[in-house]
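Note that our numbering has the sequence shown beginning at 63, numbered continuously upward.
The C-beta atom is built at its ideal place from N, Cα and C for all residues, glycine as well.
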Amino acid sequence: FSPLRGVMPRSSISLLLPLFLSSLPSSLAVECEACEGSGCTSSKPSYCVGDYCVSSLFNPKWGKSQSVRGCISGDMLAEGINAGCESDGENETCICSTKHCTSRKNKKKLKSEEQREKITCSCTKGAKGCDRGKCTGDLCVWTSHINKDLTVKGCLDYSLPLLEQRAIDSCSLPPISPSTHFIPLGNIKEQDSLRESDLLNMESCICSTNMCNLKKPFKLTPKEEKLIDVQKCNRSVSAVIKGENEKTKVKTCLGEFCYKMGVTVKGKGQYSYVAEGCATFNPERKMAPLFGTGKCAHYEGKSLVMRSCYETKDEGALERLENSVTREEKEEEYEGEQGENEGEEEEEEEVNGDRRGSDNGKDGKSNGKKEDTKEERGDEEEGEAVKEKGEKEEKEEKEKEEK
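What follows is the structure in structure tokens.
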């Protein structure tokens, strides 16, 4: 390593430039507020232009968590994303496509989706929030050193505005996000220089179901491995943390996709994490509904900039990607149909209930008539008996008189 204080290396710039060019906003771009933390309460916010406006939580590996607003663009995003907000009870993520729609005033108009439930994950002692081997978060992470007997597990909350969700159900080498690095490892401290072997040789997997990281979330079968036309990708990491620059050599790795990710915070407290490597996805995954089959996406805020790309020449990988999007769409359609069916069943039950009530009413009326007829017959019989008794008594009196 050759530390350079506070200066982003040329290699980082050359890596970020193609990502930026491939993820510029479309011609249908919208103006959005761009701010971080307390700056989001300013009466004079900054603005950016993108395909969608986003407000979210930025929970960096190095630094303080803070709310952010900005723009997100690129062909990696699905077309026609529905405007709305999602909450986990503490933090809210919103996306929309009209001017200034994430401002404090306008965000109130956005539709709130059902609350996002946290999941339970396996965790290694010492990991954030770990209690008796379990933690709760938005995602589970499994990270292992490929050359050492060292595995770290834990929870991850959404920390990059939307982009990290594209990595769900994948394993990447090196970790695609600084949040999944789980440094410190062993005796490494965050304040210490990061070791090249620890930056380059950690494989990290992200999954999204309860305890999915108890072991490596998925392993390809020999048959599935044969279906992959593996891509040879460059593998490197460059990071600026607390003014210290760490840069690895460029090596290679094999995977289903080659990825590139850049996270940069400009200005005071500048830091960056720029990585490239290989990523392989679980063949059974369902793509998060925010994403389509495109290559790149780009987030821009006031001082926070992020870029992410997945590329492959493997036609089978692109077909599997398409299937994962279709699989998610079919599940949404199924859930919608289930909701409609439940509504129809409830409506039918109401109609049947009304019919039963009507029939009961008719039965009541019919029974009433029958009961009335019975009473009438009783009255008639009683009258006949009285009449007969009277006639008998009258006859007996006549007989007495004759005698």
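Nonlocal neighbours in the same chain, by C-beta distance under 6 Å from residue 239, ignoring five residues either side: If you number the sequence shown from 1, residue 239 lands on position 177. Here the set comprises 226.
Residues near residue 298 by beta carbon distance below 6 Å, same chain, minus five either side: For the purposes of this step, residue 298 is taken as the residue at position 236 of the sequence shown. Here the set comprises 310, 312 and 338.
Identity of the residue in 112, 95 and 111 nearest residue 105 by Cα: Counted from its first residue, the sequence shown places residue 105 at position 43. The shortest C-alpha separation from residue 105 is found at 95.
Spatially closest choice to residue 360 from 324, 341 and 333, by CA coordinates: To locate residue 360, count along the sequence shown from 1; it is residue 298. That would be 324, whose Cα lies nearest to the Cα of residue 360.
Option in 191, 155, 150 and 166 with minimal Cα separation from residue 179: Here the question's residue 179 lines up with position 117 in the sequence shown. Out of 191, 155, 150 and 166, 150 has the C-alpha closest to the C-alpha of residue 179.
Contact check, residue 341 vs residue 183, beta carbons under 9 Å: For this step, residue 341 is matched to residue 279 along the sequence shown. For this step, residue 183 is matched to residue 121 along the sequence shown. Cβ distance not < 9 Å, so residue 341 and residue 183 don't count as in contact.
Beta-carbon contacts of residue 290 that lie in its chain and below 6 Å, excluding the five residues immediately before and after: As a first step, residue 290 is located in the sequence shown; it is residue number 228 there, counting from the start. Within the same chain, residue 290 has close Cβ partners 318.
Strand pairing of residue 103, partner residues [DSSP]: Taking the sequence shown and counting its residues from 1, the one referred to as residue 103 is at position 41. Paired residues: none, contrary to the question.
Rounded distance between the beta-carbons of residue 163 and residue 140, thought under 8 Å: Translated into positions along the sequence shown, residue 140 becomes position 78. Translated into positions along the sequence shown, residue 163 becomes position 101. Not really, about 18 Å apart at Cβ, beyond 8 Å.
Contact under 9 Å by Cβ, residue 97 with residue 156: Here residue 97 refers to the residue found at position 35 of the sequence shown. Here residue 156 refers to the residue found at position 94 of the sequence shown. Going by C-beta atoms, residue 97 is not nearer than 9 Å to residue 156.
Enclosing alpha helix (DSSP H) for residue 275 [first to last residue]: Taking the sequence shown and counting its residues from 1, the one referred to as residue 275 is at position 213. Element bounds for residue 275: n/a, residue is neither H nor E.
Of the residues 109, 215 and 154, the one placed nearest residue 118, counting alpha carbons only: For the purposes of this step, residue 118 is identified with residue 56 of the sequence shown, where counting begins at 1. Nearest option by C-alpha distance: 154.
Where residue 385 falls: helix, strand or coil (DSSP): Residue 385 sits at position 323 when you count from the first residue of the sequence shown. DSSP places residue 385 in helix when its eight states are reduced to three.
C-alpha distance - residue 285 paired with residue 385, whole-angstrom precision: For the purposes of this step, residue 285 is identified with residue 223 of the sequence shown, where counting begins at 1. For the purposes of this step, residue 385 is identified with residue 323 of the sequence shown, where counting begins at 1. About 18 Å.
Cβ-based neighbour list, residue 165, same chain, cut-off 7 Å, excluding 5 preceding and 5 following: Here residue 165 corresponds to residue number 103 of the sequence shown, with the count starting at 1. Excluding residues within five positions, the ones whose Cβ falls inside 7 Å are 95.
Where the beta strand (DSSP E) through residue 141 begins and ends: Position 79 of the sequence shown, counting from 1, holds the residue named residue 141. Element bounds for residue 141: n/a, residue is neither H nor E.
Residues bridged to residue 207 [DSSP beta-bridge criterion]: Taking the sequence shown and counting its residues from 1, one reaches residue 207 at position 145. Answer is 264.
Residue 242 burial status per 10 Å Cβ neighbour count (16 or more: buried): Here residue 242 refers to the residue found at position 180 of the sequence shown. Residue 242 comes out buried.
Span of the alpha helix (DSSP H), counted from its first residue to its last, around residue 288: Locating residue 288 in the sequence shown gives position 226, counting from the first residue. Run containing residue 288: 284-289, per the alpha helix (DSSP H) assignment.
Residue 266 beta carbon less than 9 Å from that of residue 204: Taking the first residue of the sequence shown as 1, we reach residue 204 at position 142. Taking the first residue of the sequence shown as 1, we reach residue 266 at position 204. Yes, the pair counts as a contact, with Cβ atoms nearer than the cut-off.
Selected residue, minimal CA-CA separation from residue 181, among 236, 271 and 328: In the sequence shown, residue 181 corresponds to position 119, counting from 1. Closest by alpha carbon: 271.
Span of the alpha helix (DSSP H) around residue 166: As a position in the sequence shown, residue 166 is number 104, starting the count at 1. Start and end: 166-169.
Cutoff 8 Å; reference residue 138; Cβ partners in own chain excluding five residues on either side: Against the sequence shown, residue 138 aligns to sequence position 76. The residues are 85, 228, 353, 354, 356, 357, 358, 359, 370, 371 and 372.
Residue 316 versus residue 293 - alpha carbon distance: Mapped onto the sequence shown, residue 316 falls at position 254. Mapped onto the sequence shown, residue 293 falls at position 231. One C-alpha to the other measures close to 5 Å.
9 Å Cβ cutoff met for residue 218 and residue 192: Counting from one through the sequence shown, the residue named residue 218 turns up at place 156. Counting from one through the sequence shown, the residue named residue 192 turns up at place 130. No, these two residues do not count as a Cβ contact at 9 Å.
Run of the beta strand (DSSP E) containing residue 324, from where it starts to where it stops: Locating residue 324 in the sequence shown gives position 262, where the first residue counts as 1. From DSSP, the beta strand (DSSP E) with residue 324 extends over 319-327.
Anticipated Cβ contact below 8 Å, residue 147 with residue 127, distance rounded: Against the sequence shown, residue 147 aligns to sequence position 85. Against the sequence shown, residue 127 aligns to sequence position 65. Going by Cβ atoms, the distance from residue 147 to residue 127 rounds to 18 Å, so no, they are not a contact pair.
Spatial distance of residue 197 from residue 152 (CA atoms): Start at 1 with the first residue of the sequence shown, and residue 197 comes out as number 135. Start at 1 with the first residue of the sequence shown, and residue 152 comes out as number 90. Roughly 16 Å separates the two Cα atoms.
Bridge partner(s) assigned by DSSP for residue 366: Stepping through the sequence shown from its first residue, residue 366 is reached at position 304. DSSP lists 327 as partners of residue 366.
Residue 100 versus residue 130: straight-line alpha-carbon distance, rounded: Reading the sequence shown from its first residue, position 38 is the one you call residue 100. Reading the sequence shown from its first residue, position 68 is the one you call residue 130. Each residue's alpha carbon lies about 9 Å from the other.
Whether residue 263 touches residue 209 by CB criterion (9 Å): Reading the sequence shown from its first residue, position 201 is the one you call residue 263. Reading the sequence shown from its first residue, position 147 is the one you call residue 209. Cβ distance < 9 Å, so residue 263 and residue 209 count as in contact.
Rounded C-alpha distance that separates residue 224 from residue 346: As a first step, residue 224 must be located in the sequence shown, where it is residue number 162. As a first step, residue 346 must be located in the sequence shown, where it is residue number 284. Each residue's Cα considered, the two are about 21 Å apart.
Cross-strand partners of residue 159 (DSSP beta bridge): For the purposes of this step, residue 159 is identified with residue 97 of the sequence shown, where counting begins at 1. Paired residue(s): none; residue 159 is not in a bridge.
Which of helix, strand or coil DSSP assigns to residue 225: Within the sequence shown, residue 225 is the residue found at index 163, counting from 1. Reduced to three states, the DSSP call for residue 225 is helix.
Burial state of residue 287, where buried means 16 or more other Cβ atoms lie within 10 Å: The residue given as residue 287 occupies position 225 in the sequence shown. Per the 10 Å Cβ criterion, exposed.
Cβ-Cβ distance between residue 350 and residue 230 below 9 Å: Counting from 1 along the sequence shown, the entry for residue 350 is found at position 288. Counting from 1 along the sequence shown, the entry for residue 230 is found at position 168. It is a contact, given that the beta carbons lie within the stated cut-off.
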